[in-house]
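J.:
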Amino acid sequence: MTQPQAPGWYQDPMGRPGDARWWDGAGWTEAHTPRETTADDPQFAHLDASSTITSGTGAHTVTSPGGMNEYEVYVPPPGSNWQQPPPYDAPQLAQGSQDPSAPGDPDSTAKPSIFTRAALDTPTGSQRTMLWWGLGGLGVVALIVVLLVATGVFRAGDPDPTAGPGTYNSSPSQSQQAGVRVVDKAAGISYDYLGEGWQDYNLGTLAENQEVVGQYIVTQPKIPSGGEFIAQVTSGLLATQFGSPSPEQFAATLQEVEMSVRGNYYPQPNEATNVAEEQIQIDGAPAYRRSFDLEWNVEGYDSTGERVVLLLIDTGKSAPVFFYCSFPNTHAELYPLIDQVIASITVD
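Okay, structure coming up:
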């Protein structure tokens with residue numbers, strides 16, 4: 001995988017060209033400096049203060065120091081009344097968290113207290129460079145969504161009521177196209193970033209995927225094996241060991257995939273309950289969904305179960321896309337995010 005760069009000042013992904021934000025080696029901190037201060041300071045000379053601003057979208061391109069690709073950042077036009085929205089108040093972890101770096105303290109390398117980055121409790125295998133994030137105007141999108149909800153046009157995250165049962169319509173208004181997106185170029189899909197605290201998935205390739213792109217949070221800092229437990233949303237072309245099934249074979253293939261993930265990533269023994277499956281469409285593409293709740297009773301784990309949703313999506317590639325959502329019941333309040341992120345998938 002691409003290694004993150006060293007801590008330092010970099011172009012602020014939430015600011016204007018020339019604004020600086022402190023990167024602690026693992027993620028962005030609260031420390032930031034406006035371009036009015038950085039303009040004449042030699043330590044900020046490396047910032048791309050001349051980043052192109054497009055008149056149509058008011059966006060400029062930023063390259064993350066954390067090994068991610070370029071992404072777009074919204075910049076409000078001169079004279080607008082746009083203000084940066086307040087940060088999302090995500091739930092705090094009971095264990096293993098650290099205080100965020102204090103603003104203005106560039107020497108601090110502490111990670112944010114909301115969801116610490118860590119390793120998955122399974123051998124990681126080969127690793128690869130992530131394909132990450134298109135970033136746009138979060139504040140503007142939030143305003144548009146509020147207006148649309150207020151006028152009854154749609155409810156964000158709901159399937160299109162005109163699309164019929166078993167269909168997920170990811171129109172631009174529903175999937176917040178101008179917001180932060182996880183872009184899986186190899187698989188030919190993209191989907192919503194779930195918010196502050198979710199990390200770029202860089203824990204290696206899963207046995208069920210050829211390559212992996214996605215996002216995760218740590219839900220238990222230490223488990224009996226010495227690793228850490230996570231919630232994840234990941235995607236990638238289905239591993240070659242499962243062949244290249246057609247949509248008519250997706251149901252049988254997902255049963256094989258289920259047995260694989262249950263053996264690889266969860267406490268043993270475990271039992272699947274509330275199993276449900278259906279043939280669906282994702283942004284017009286043939287797909288199949290299989291969901292279940294896992295249960296276990298294993299000492300040393302905070303969780304006693306997990307909500308798991310598996311998708312296969314035909315995007316016209318050499319193999320279908322395997323889309324994998326898995327949230328432990330210690331964080332059951334996050335379960336609604338599963339349907340939200342699935343509804344946001346677009347086939348690119």
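Heads up: the sequence shown at position 162 corresponds to 162 in UniProt numbering, and the numbers run straight through without jumps.
Backbone N, C-alpha and C define an ideal beta-carbon position, used for all residues, glycine too.
Rounded to a whole number of angstroms, what is the C-alpha to C-alpha distance between Thr37 and Ile338?
T.: Locating residue 37 in the sequence shown gives position 37, counting from the first residue. Locating residue 338 in the sequence shown gives position 338, counting from the first residue. Approximately 42 Å between the Cα atoms of the pair.
J.: Going by other Cβ atoms of all chains shown within 10 Å of its Cβ, with 16 needed for buried, is Gly137 buried or exposed?
T.: For the purposes of this step, residue 137 is taken as residue 137 along the sequence shown, with counting starting at 1. Only weak support exists for where Gly137 lies, its pLDDT of 49 falling under 50; the coordinates are left without a value.
J.: State the Cα-Cα distance for the pair Ala285 and Val347, rounded to the nearest angstrom.
T.: Here residue 285 refers to the residue found at position 285 of the sequence shown. Here residue 347 refers to the residue found at position 347 of the sequence shown. The alpha-carbon atoms of Ala285 and Val347 are separated by roughly 7 Å.
J.: Assign Asp19 to one of three DSSP states: helix, strand, or coil.
T.: Stepping through the sequence shown from its first residue, residue 19 is reached at position 19. Asp19 carries a coil assignment under DSSP once its states are collapsed to helix, strand and coil.
J.: Can you give the Cα-Cα distance for Ala45 and Pro34, rounded to whole angstroms?
T.: In the sequence shown, the residue the question calls residue 45 occupies position 45. In the sequence shown, the residue the question calls residue 34 occupies position 34. Answer to the nearest angstrom: the Cα atoms are 13 Å apart.
J.: Do you know how far the Cα of Trp296 is from the Cα of Glu211?
T.: In the sequence shown, residue 211 corresponds to position 211, counting from 1. In the sequence shown, residue 296 corresponds to position 296, counting from 1. Near 29 Å, if we compare the C-alpha coordinates of Trp296 and Glu211.
J.: Excluding the five sequence neighbours on either side, which residues of its own chain have a C-beta within less than 7 Å of the C-beta of Val217, listed in chain order?
T.: Looking up residue 217 in the sequence shown gives position 217. The amino acid occupying residue 217 in the given sequence is Ile; Val does not appear at that position. Closer than 7 Å at the Cβ level, and outside the excluded window around Ile217, lie Phe115, Gly197, Trp198, Gln199, Ile230, Ala231.
J.: Can Phe292 and Asn274 be called in contact, C-beta distance under 8 Å?
T.: Residue mapping note: residue 292 aligns to position 292 of the sequence shown, counting from 1. Residue mapping note: residue 274 aligns to position 274 of the sequence shown, counting from 1. The answer is yes: Cβ separation under 8 Å.
J.: Once you ignore the five residues that flank Pro267 on each side, which residues in its own chain have a CB closer than 8 Å to its CB?
T.: Stepping through the sequence shown from its first residue, residue 267 is reached at position 267. Trp296, Val298, Tyr301.
J.: With distance defined between alpha-carbon atoms, name the residue in Glu258, Val213, Gln241 nearest to Ala272.
T.: As a working mapping, residue 272 is identified with position 272 in the sequence shown. Considering only alpha carbons, the answer is Glu258.
J.: Check each candidate in Ala31, Thr219, Arg21 and name the one with the smallest Cα separation from residue 354.
T.: Given a span of 1 to 348 for the chain in the structure shown, any question on residue 354 remains unanswerable.
J.: Just list the residues that DSSP pairs Gly305 with in beta bridges.
T.: Taking the sequence shown and counting its residues from 1, the one referred to as residue 305 is at position 305. Bridge partners of Gly305: Glu295.
J.: Would you say Ser303 and Pro336 are within 8 Å of each other, going by their C-beta atoms?
T.: As a working mapping, residue 303 is identified with position 303 in the sequence shown. As a working mapping, residue 336 is identified with position 336 in the sequence shown. No. Outside cutoff.
J.: Ignore the nearest five residues each way along the sequence and tell me which others in Leu237's own chain have a CB closer than 8 Å to its CB.
T.: Taking the first residue of the sequence shown as 1, we reach residue 237 at position 237. The answer, listed in chain order, is Ala186, Ala187, Asn209, Gln210, Glu211, Lys317, Ser318, Ala319, Pro320, Val321, Phe322.
J.: Assuming contact is defined by CB atoms lying nearer than 8 Å, are Leu310 and Arg262 in contact in what I supplied?
T.: As a working note, residue 310 is residue 310 in the sequence shown. As a working note, residue 262 is residue 262 in the sequence shown. It is not a contact, given that the beta carbons lie outside the stated cut-off.
J.: Quick check: the Cα distance between Pro42 and Pro17, rounded to an integer number of angstroms?
T.: As a position in the sequence shown, residue 42 is number 42, starting the count at 1. As a position in the sequence shown, residue 17 is number 17, starting the count at 1. Spanning the two alpha carbons is a distance of roughly 16 Å.
J.: In whole angstroms, give me the CA-to-CA distance for Ala252 and Tyr201.
T.: The residue you call residue 252 lines up with position 252 of the sequence shown. The residue you call residue 201 lines up with position 201 of the sequence shown. Rounded to whole angstroms, Ala252 to Tyr201 spans 28 Å at the Cα level.
J.: With which residues is Asp184 paired in a DSSP beta bridge?
T.: If you number the sequence shown from 1, residue 184 lands on position 184. According to DSSP, Asp184 bridges with Ile189.
J.: With distances taken Cα to Cα, identify the nearest neighbour of Leu194 among Gln215, Pro224, Gln241.
T.: For the purposes of this step, residue 194 is taken as the residue at position 194 of the sequence shown. Answer by Cα proximity: Gln215.
J.: Where do the ends of the beta strand (DSSP E) carrying Gly236 lie?
T.: Taking the first residue of the sequence shown as 1, we reach residue 236 at position 236. Element bounds for Gly236: 229-237.
J.: If you count every other CB in all the chains shown that lies within 10 Å of the CB of Gly243, and 16 or more means buried, which is it?
T.: Counted from its first residue, the sequence shown places residue 243 at position 243. That one is exposed.
J.: Are Val180 and Val213 close, meaning C-beta to C-beta below 8 Å?
T.: In the sequence shown, residue 180 corresponds to position 180, counting from 1. In the sequence shown, residue 213 corresponds to position 213, counting from 1. Against a cut-off of 8 Å, the Cβ pair of Val213 and Val180 comes out as no contact.
J.: Mapping the DSSP letters down to three states, classify Ile345 as helix, strand or coil.
T.: Position 345 of the sequence shown, counted from the first residue, corresponds to residue 345. Of the three classes helix, strand and coil, the one that applies to Ile345 here is coil, per DSSP.
J.: For Asn264, report the span of its beta strand (DSSP E) as first-last.
T.: Working through the sequence shown from its first residue, we reach residue 264 at position 264. Counting along the chain, Asn264 falls outside any beta strand (DSSP E), though it belongs to the alpha helix (DSSP H) covering 250-265.
J.: If we ignore side chains and look at the alpha-carbon of each, how far apart do Gly8 and Glu277 end up?
T.: For this step, residue 8 is matched to residue 8 along the sequence shown. For this step, residue 277 is matched to residue 277 along the sequence shown. The straight-line gap from Cα to Cα measures roughly 48 Å.
J.: With DSSP collapsed to three states, give me the class of Ala59.
T.: Here residue 59 corresponds to residue number 59 of the sequence shown, with the count starting at 1. In this predicted model, Ala59 has a pLDDT of only 44, less than 50, meaning its place in the structure is not dependable; the value taken from the coordinates is given anyway. Looking at Ala59 - three-state DSSP - the assignment turns out to be strand.
J.: Tell me the DSSP secondary structure of Pro7 in three-state form.
T.: Position 7 of the sequence shown, counted from the start, is the residue given in the question as residue 7. Here Pro7 sits in coil by DSSP.
J.: Mind reading off the beta-carbon distance from Ala207 to Ala239? Whole number of angstroms is fine, and I expect it under 8 Å.
T.: As a position in the sequence shown, residue 207 is number 207, starting the count at 1. As a position in the sequence shown, residue 239 is number 239, starting the count at 1. The Cβ separation is near 6 Å, so the contact holds.
J.: By the 10 Å Cβ neighbour count, where 16 or more other Cβ atoms means buried, how is Gln279 classified, buried or exposed?
T.: The sequence position of residue 279 within the sequence shown is 279, counting from 1. Result: exposed.
J.: Assign Gln241 to one of two classes, buried (16 or more other C-beta atoms within 10 Å of its C-beta) or exposed (fewer than that).
T.: By 1-based counting over the sequence shown, the position of residue 241 is 241. With fewer than 16 Cβ atoms within 10 Å of its Cβ, Gln241 is classed as exposed.
J.: Can you tell which of Ser260, Ile223, Arg290, Glu306 has the C-alpha that lies nearest to the C-alpha of Phe250?
T.: Numbered from 1 along the sequence shown, position 250 holds the residue referred to as residue 250. Closest by alpha carbon: Arg290.
J.: So what does DSSP say about Pro85, is it helix, strand or coil?
T.: Counting from one through the sequence shown, the residue named residue 85 turns up at place 85. Note that Pro85 scores 42 on pLDDT, short of 50, meaning its location in the model is unreliable; the coordinates nonetheless yield the value given after this. The answer is coil: DSSP assigns Pro85 none of H, G, I, E or B.
J.: Can you tell which of His32, Val308, Ser225, Pro269 has its C-alpha closest to the C-alpha of Ile342?
T.: Here the question's residue 342 lines up with position 342 in the sequence shown. Minimum Cα distance to Ile342 is reached at Val308.
J.: Going by C-alpha distance, which of Ala20, Ala332, Arg21, Thr234 is nearest residue 349?
T.: With the chain covering 1 to 348 only, the question about residue 349 has no answer from this structure.
J.: Distance check for Ser246 and Thr315, CA to CA, integer angstroms please.
T.: One-based indexing of the sequence shown puts residue 315 at position 315. One-based indexing of the sequence shown puts residue 246 at position 246. Approximately 11 Å between the Cα atoms of the pair.
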